[in-house]
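*Asks:* There's a structure below that I have some questions on.
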Amino acid sequence: MDESRTRALLAAISADPEPPTSFDVDRLMAEGRRPRRRAGWALAAAAAVAAVMVVVVALVRPAGETPEPVVSVPAVPSPVTVAPTGFDPLRTRIVPRWLPDGFVRGRHAVGTAGETYVAWSEKTGSEVSVTISARDATPPQLGGGNGKPVPGPDINGTSSTWEPGEDGGLLHWNWAPGAPAVVRVLLIEKALEVATRVASTLELAVEHPVALPFTVSTPTGLTVVSSQLETGTLSFNGEGGPAHAVSVRRFTDGPSDPDFTVGRAFAPDTAVNGNPTSVDADGLRVLVIQESGGEYLGTNCQVRKGHSIDEVREECLRVAASVQLVGTLADPSTWTTSPVRGAK
Amino acid sequence: MLDPWDEQYREFAQEHQPRLRRLAYVLSQDWHRADDLVQGALLQLYRHWDRAREARDLGAYARTVLVRVFLNERRTFWARRVVLVDQPPDDAFTVDPDTAGSLTLRSALAGLPPRQRAVLVLRFWSDLSVEQTAETLNCSAGTVKSQTSKALASLRRALPADHSATGSRS
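Laid out in structure tokens, this is it:
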């Protein structure tokens, strides 16, 4: 791989067909004029951070050079003797029992092929991610290493390899026989030490049901393929139906939430279940946003080739109308562990 | 009647949006995410237009803002495509269907740490010098060189053996 080939690769990507854009400079400017609001989720997150920090302060001596545990943990996690050949996207396994000092937030994403947990430090930008894959699966190809793995430390009796990077690295081992796992650390000192401690203290033996703040009917021809716990997102994919992928998310910061659609003011043009609703379509996707009681519900439907935007709009509105809110968004203990209705 | 500053901003945004969108797509390989990145960058520019409009090269300034939005955005999961699915979305196959090598390389590029990806895109797609790239990323020229080297090495390793042996498919 050389510069000329890299240029060719980037030029080829750049030449991909460009879908129509929904960019609207007037809406963006209107959004820019609005005073920036403190997001509800950000406040909740800040409260969670504060709560965790209290726990950290209570449980841990002030950290020096060596990172200290975020939570009190048993010395050795439960062993896993058999890994599944496929993951249930509505169940999660990764429980990090130790993270470096300052790492107080994390997010899970679970798919059918594996699960990823990412945590980071807001202060330093350092990042730790853990990915476990199904038995006999090909592990994900991650950057961040130099491509020259060397033997690593034992991870609870299992051999590992360590691929150092400039300011981090990748620690590979099997979390169960035939089932690959990798911890990637970025922008962090003592990278191998940190990766080893993260890996060796992971709790992976127990499946925990995913809780979400809504229930939804299964979109036509699709099945659940992933969930993201902390953002309250559920995604479907499959061979049938006019949409090839559908995601549903409940959130509070309105469409100005950068996780959703940056810079677009909420402009309802219809109603779903009596709620003011906006419907945006750009040729590749239909995005339905409902507002109810200061919260928003987003349904994002991607158009399957050969189907019209009108078909997908109808399907997306149907899915959006099927969503029933559960519990309080800010309190995950009130969410449901059975978010999918009509699942086969 | 728009404020003259607003008028100036509107003209700038409309003129530069297509180019920024293309850059965002090369960085992210996802049109939806690219749209979000561009809107995020343009929104930041608007909110700081009084400062931004004083930039000597406003296009370069906007590019810098976009790249930094990209680097800061990597943890916003909603913007991400599902990466753990068994079956890629249909539109993953709309380009270069003739070569597994190309898809492998695209995947390898997407798997690079965001900063390495940005270095490659700025140097080899935007044709920035090492120094310009360093300025954009707010790092040293030495860091740009080492990140470039590491990123190229990662892509090289991702190539199937027959492709890496010839290295001349393109």
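Read top to bottom, the protein sequences are chains A and B.
Each residue of the first sequence is one higher than the last, beginning at 6 in my numbering.
Each residue of the second sequence is one higher than the last, beginning at 27 in my numbering.
Every residue, glycine too, gets a C-beta built ideally from N, C-alpha and C.
1) Looking at residue 193 of chain A and residue 105 of chain A, is the spacing between their C-beta atoms short of 8 angstroms?
2) Where in the stretch 124-169 of chain B do unbroken runs of the alpha helix (DSSP H), each at least 4 residues long, occur, reported from the N-terminal end onward?
3) Tell me the residue span of the alpha helix (DSSP H) that contains residue 58 of chain B.
4) So which residues on chain B does residue 219 of chain A lean against when the C-beta distance must stay under 7 angstroms?
5) Using a C-beta to C-beta distance shorter than 9 angstroms, which residues of chain B count as neighbours of residue 156 of chain A?
6) Quick one: which residues of the stretch 136-161 of chain B get their C-beta closer than 7 angstroms to a C-beta of chain A? List them in chain order.
7) Can you give me the C-alpha to C-alpha distance between residue 64 of chain B and residue 92 of chain B, rounded to a whole angstrom?
8) Spell out the partners DSSP gives residue 166 of chain A in its beta bridges.
9) Which whole runs of the beta strand (DSSP E) in the stretch 176-215 of chain A are 3 residues long or more, in chain order?
10) Please report the residue range of the alpha helix (DSSP H) in which residue 32 of chain B lies.
11) In chain B, which residues lie with their C-beta within 7 angstroms of the C-beta of residue 18 of chain A?
12) Taking 8 angstroms as the limit between beta carbons, can you name the residues of its chain near residue 164 of chain A, skipping five residues before and five after?
13) Using 10 angstroms around the beta-carbon of residue 272 of chain A, count the other beta-carbons present and answer buried if the total reaches 16, otherwise exposed.
14) Compute the Euclidean distance between the alpha carbons of residue 339 of chain A and residue 38 of chain B, then round it to the nearest angstrom.
15) What does a CB cutoff of less than 8 angstroms around residue 43 of chain B pick up in its chain, not counting 5 residues either side in sequence?
16) Please tell me whether residue 88 of chain B has its Cβ less than 8 angstroms away from any Cβ of chain A.
17) What is the residue span of the alpha helix (DSSP H) that residue 9 of chain A lies within?
18) First and last residue of the alpha helix (DSSP H) that includes residue 96 of chain B?
19) Among A/326, A/313, A/230, A/136, whose alpha-carbon lies nearest the alpha-carbon of residue 294 of chain A?
20) What residues of chain A sit near residue 73 of chain B, judged by a beta carbon separation below 7 angstroms?
21) Is there a C-beta anywhere in chain B that falls below 8 angstroms from the one on residue 171 of chain A?
22) Got a sec: is the Cβ-Cβ distance from residue 26 of chain A to anything in chain D below 8 angstroms?
23) For the stretch 280-292 of chain A, which residues have a beta carbon sitting closer than 7 angstroms to at least one beta carbon of chain B?
24) Does the Cβ of residue 245 of chain A have 16 or more other Cβ atoms within 10 Å, making it buried, or fewer, making it exposed?
25) Could you work out which residue in A/305, A/301, A/346, A/310 is closest to residue 334 of chain A when comparing CA atoms only?
26) Report the neighbours of residue 347 of chain A on chain B: residues whose CB is nearer than 7 angstroms to its CB, in chain order.
27) Alpha carbons only, please: which of A/285, A/210, A/22 is nearest the one belonging to residue 55 of chain B?
28) How do the stretch 216-228 of chain A and the stretch 310-326 of chain A stand: do at least 3 beta-carbon pairs fall below 8 angstroms, yes or no?
29) Listed in chain order, which residues of the stretch 28-41 of chain B have Cβ atoms closer than 8 angstroms to some Cβ of chain A?
30) Just to confirm my understanding: we take residue 140 of chain A, look at its own chain, exclude 5 residues before and 5 after, and list those with CB closer than 8 angstroms. What are they?
31) Under a CB-based cut-off of 8 angstroms, is residue 168 of chain B close to chain A?
32) Quick one: is residue 16 of chain B near chain A, going by C-beta distance under 8 angstroms?
33) Please report the distance separating the alpha-carbon of residue 122 of chain A from that of residue 31 of chain A.
34) Could you check whether the Cβ of residue 33 of chain A sits closer than 8 angstroms to any Cβ belonging to chain B?
35) Does residue 229 of chain A come within less than 8 angstroms of chain B when only Cβ atoms are used?
36) What residue from B/172, B/183, B/149, B/41 has the CA that sits closest to residue 53 of chain B's CA?
*Replies:* This is what the structure gives:
1) yes
2) 126-137, 140-150, 156-163
3) 57-73
4) Those within 7 angstroms of residue 219 of chain A in chain B number zero; the least Cβ separation is about 15 angstroms.
5) Those within 9 angstroms of residue 156 of chain A in chain B number zero; the least Cβ separation is about 19 angstroms.
6) Within the stretch 136-161 of chain B, the qualifying residues are 137, 138, 139, 142, 146, 147, 150, 151.
7) 7 angstroms
8) A/156, A/177
9) Contiguous beta strand (DSSP E) elements confined to the stretch 176-215 of chain A occur at 184-191, taking only those with 3 or more residues.
10) 30-54
11) Within 7 angstroms Cβ-Cβ: 52, 55, 132.
12) 156, 157, 178
13) exposed
14) 47 angstroms
15) 64, 68
16) no
17) 8-19
18) 84-98
19) Ranking A/326, A/313, A/230, A/136 by Cα distance to residue 294 of chain A puts A/326 first.
20) In chain order: 37.
21) Interface criterion met: the Cβ of residue 171 of chain A is under 8 angstroms from a Cβ in chain B.
22) In summary, chain D is missing from the structure at hand, where the protein chains are A and B.
23) 289, 290
24) exposed
25) A/301
26) Going along chain B, no residue has its Cβ under 7 angstroms from residue 347 of chain A, so there is no contact; the nearest lies around 20 angstroms.
27) It is A/22.
28) Flag = yes, the stretch 216-228 of chain A and the stretch 310-326 of chain A touch.
29) 32, 35, 36, 39, 40
30) 87, 88, 89, 90, 181, 182, 183, 184
31) no
32) An answer regarding residue 16 of chain B cannot be provided, because it is not within the stretch 27 to 196 covered by chain B.
33) 38 angstroms
34) yes
35) Taking Cβ atoms only, chain B never reaches closer than 8 angstroms to residue 229 of chain A, which makes this a no.
36) B/149
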